[in-house]
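S.K.: Chains as they are written, first to last, in the numbering used here: chain A, 13 to 230; chain B, 13 to 230.
Take this structure first; my questions come after.
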Ligand SMILES: Nc1ncnc2c1ncn2[C@@H]1O[C@H](COP(=O)(O)OP(=O)(O)OP(=O)(O)O)[C@@H](O)[C@H]1O
Ligand SMILES: Nc1ncnc2c1ncn2[C@@H]1O[C@H](COP(=O)(O)OP(=O)(O)OP(=O)(O)O)[C@@H](O)[C@H]1O
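As structure tokens, then:
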């Protein structure tokens, strides 16, 4: 169990707080805006109304004692930067900061943020990739050359055939590591497993082969 | 190759546009703000300065002809809602809209958006999960019970042992589907593979076992 301080309870900081609380963690929520603090009063372990860019606020909150500190302040770039450098100077071990744009990101990195996130840009890329490969429900890039992906089978020529009949390993160089059929997952399916319409195959192999397989399942 | 119209070239819409262009797609960028349009003039296939909530703007742009339409307008909820309903009424097949908050999401869903995203909230959840399992570099939830994850090995008691010696399959019920060693990926590694410090194992199996394994590799 670890301790977390979330500074800035907007949509990003708020969702982060809720995720940690749902997983049984101790979370302190801090915001300058009373309404935002009140939204999380009954959710967070504790909440504080404070201006995080003021010198002694973070010291009084003993910010260095938290395992993780998240600076989720958006529009007020100055406040985000000052809170970040104060948290690091006071000794906070792991400071994650949200950046408004690439210049803000460079400042946060230089002043010592351990991780900088750009939620809007990163989601823009994710949704872009989702639109490019609509049958690829999820994927993990293992390296520049390999990936692991969930591919939904909607091509009628695939349905009714077994994994070995489709020759997925020989044709695409892919390992089928799991199949999801109507919500039920079979790990390491038999090569005689017959594929049904809308089954979701989890495959691993060369990235371009995973993309080709996704295109073929259309 | 598909056609895309991105309405709203802020951070989310802009990153989405760049991702599609980087993947060879035809993208029309639309924004009411000339500065934002100019940022993408040399990147997008084509750009237009226009107010997307005006009745005949989307019709004149032949919005129904695009395979995918993304409404990436933020603060102006009215413009986002009007652009979305106009795009659907004109016959756009796939309309993805960004929501400012949960009420906005409900409106967009009711008026016919095919997909609604909340970038800030979704990234807040992702970063929350990342903080909860710091050695889990990536994961895919296959179902309520199963997941696939990349787990980095930093526990010295694991290093120098083979996959079979660690009994990962018997102890955790997990299949090791790949190993990344210094950037190189080995798919379906031999059970005699000796694990090195900082190797990344891709495993698949019951979700709670994946979490236990992640905790153990600390
Ligand atoms: N100096 C400060 N100290 C503490 N909290 C602050 C400070 N400045 C801003 N905040 C809070 O940070 C939160 C997020 O900031 P803001 O709303 O400006 O950004 P945003 O990018 O729209 O956020 P999000 O995308 O997470 O909704 C707000 O709840 C705001 O009240
Ligand atoms: N009626 C409109 N027609 C076309 N574009 C619009 C309209 N209203 C707003 N936009 C554009 O949409 C873009 C995104 O909107 P805005 O900046 O309000 O939201 P945001 O939530 O901060 O965006 P992001 O998080 O993507 O940066 C801006 O570039 C803005 O100019």
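Note that beta-carbon positions come from the ideal geometry of N, C-alpha and C, so glycine has one too.
In this text the structure is predicted, and so the values were computed from the model without any measurement.
Do we get a CB-CB distance below 8 Å when we pair residue 201(A) with the residues of chain B?
M.R.: no
S.K.: Out of 146(A), 134(A), 14(A), 93(A), which one is the CA nearest neighbour of residue 122(A)?
M.R.: 93(A)
S.K.: Mind checking residue 43(B): buried by the 16 CB within 10 Å criterion, or exposed?
M.R.: buried
S.K.: Does any heavy atom of ligand 1 sit closer than 7 Å to the C-beta of residue 232(A)?
M.R.: Because chain A here runs from 13 to 230, residue 232(A) falls outside it and cannot be looked at.
S.K.: Between 205(B), 81(B), 167(B), 168(B), which has its C-alpha nearest residue 126(B)'s C-alpha?
M.R.: 81(B)
S.K.: Can you look up residue 225(A) in the DSSP assignment and give me helix, strand or coil?
M.R.: helix
S.K.: From the DSSP secondary-structure annotation, give me the bridge partner or partners of residue 58(A).
M.R.: DSSP lists 40(A) as partners of residue 58(A).
S.K.: Counting only Cβ-Cβ distances shorter than 7 Å, please list the residues of the segment 142-161 of chain A near chain B, keeping chain order.
M.R.: 143, 144, 150, 152, 154, 155, 157, 158, 160
S.K.: So what does DSSP say about residue 166(B), is it helix, strand or coil?
M.R.: coil
S.K.: With 16 other CB atoms within 10 Å as the buried threshold, where does residue 229(A) fall?
M.R.: Its Cβ being crowded by 16 or more others within 10 Å, residue 229(A) is buried.
S.K.: Taking 7 Å as the cut-off, is the beta-carbon of residue 132(B) closer than that to any non-hydrogen atom of ligand 1?
M.R.: yes
S.K.: On the three-pair Cβ rule with 8 Å, is the segment 74-90 of chain A touching the segment 103-110 of chain A?
M.R.: At 8 Å Cβ cutoff, the stretches touch.
S.K.: DSSP state of residue 31(A), grouped into three classes?
M.R.: helix
S.K.: Indicate, with yes or no, if ligand 2 has a heavy atom lying under 7 Å from the CB of residue 114(B).
M.R.: no
S.K.: Strictly below 8 Å CB to CB, what residues from chain B border residue 263(A)?
M.R.: Residue 263(A) is absent from the model: chain A starts at 13 and stops at 230.
S.K.: Taking 7 Å as the cut-off, is the CB of residue 98(B) close to at least one heavy atom of ligand 2?
M.R.: no
S.K.: For residue 182(B), tell me which candidate among 118(B), 225(B), 208(B), 13(B) has the shortest Cα-Cα distance.
M.R.: If we check each option's Cα against that of residue 182(B), 225(B) comes out closest.
S.K.: Measuring CA to CA, which of 220(B), 223(B), 216(B), 172(B) is closest to residue 209(B)?
M.R.: Residue 172(B) holds the alpha-carbon nearest to the alpha-carbon of residue 209(B) among 220(B), 223(B), 216(B), 172(B).
S.K.: Quick one: grab the DSSP three-state call for residue 214(A).
M.R.: strand
S.K.: Could you check if residue 23(B) is buried or exposed, using at least 16 other CB atoms within 10 Å of its CB as the buried criterion?
M.R.: Only buried fits residue 23(B), as 16 or more other CB atoms lie within 10 angstroms of its CB.
S.K.: Consult DSSP for residue 15(B) and reduce its assignment to one of helix, strand or coil.
M.R.: strand
S.K.: Where are the beta strand (DSSP E) runs, 3 residues long or more, that stay fully inside the segment 117-180 of chain A, in chain order?
M.R.: 127-129, 148-153, 158-164
S.K.: If contact means a Cβ-Cβ distance below 7 Å, which residues of the segment 114-126 of chain B contact chain A?
M.R.: none
S.K.: Could you name the residues of chain A that residue 40(B) contacts, counting a contact when the two beta carbons are closer than 8 Å?
M.R.: Residues of chain A passing the Cβ test: none, with the nearest at roughly 14 Å.
S.K.: Alpha carbons only, please: which of 168(A), 215(A), 174(A) is nearest the one belonging to residue 188(A)?
M.R.: 215(A)
S.K.: When every heavy atom of ligand 2 is checked, does at least one fall within less than 7 Å of the C-beta of residue 43(B)?
M.R.: yes
S.K.: If you pair each beta-carbon of the segment 154-163 of chain A with each one of the segment 46-63 of chain B, do three or more pairs fall below 8 Å?
M.R.: No, they do not touch.
S.K.: Counting contacts by CB-CB distance shorter than 8 Å, is residue 13(B) in contact with chain A?
M.R.: no
S.K.: Considering only the alpha carbon of each residue, which of 16(B), 222(B), 194(B) lies closest to residue 77(B)?
M.R.: 16(B)
S.K.: For chain B, find out if any of its Cβ atoms is closer than 8 Å to the Cβ of residue 85(A); answer yes or no.
M.R.: Not an interface residue.
S.K.: Report back the beta-carbon spacing between residue 147(A) and residue 129(A) to the nearest angstrom; my notes put them in contact at under 8 Å.
M.R.: Actually they are not in contact, since the Cβ atoms of residue 147(A) and residue 129(A) sit about 28 Å apart, beyond 8 Å.
S.K.: I'd like to confirm the pairing. Which residues does DSSP put opposite residue 198(A) in its beta bridges?
M.R.: Partner(s): 191(A).
S.K.: Under three-state DSSP, which class holds residue 75(B)?
M.R.: helix
S.K.: Within 8 Å (strictly less), CB to CB, does residue 181(A) reach chain E?
M.R.: Here the protein chains are A and B, and chain E is not one of them.
S.K.: Just checking: is the beta-carbon of residue 187(B) within a distance shorter than 8 Å of some beta-carbon in chain A?
M.R.: yes
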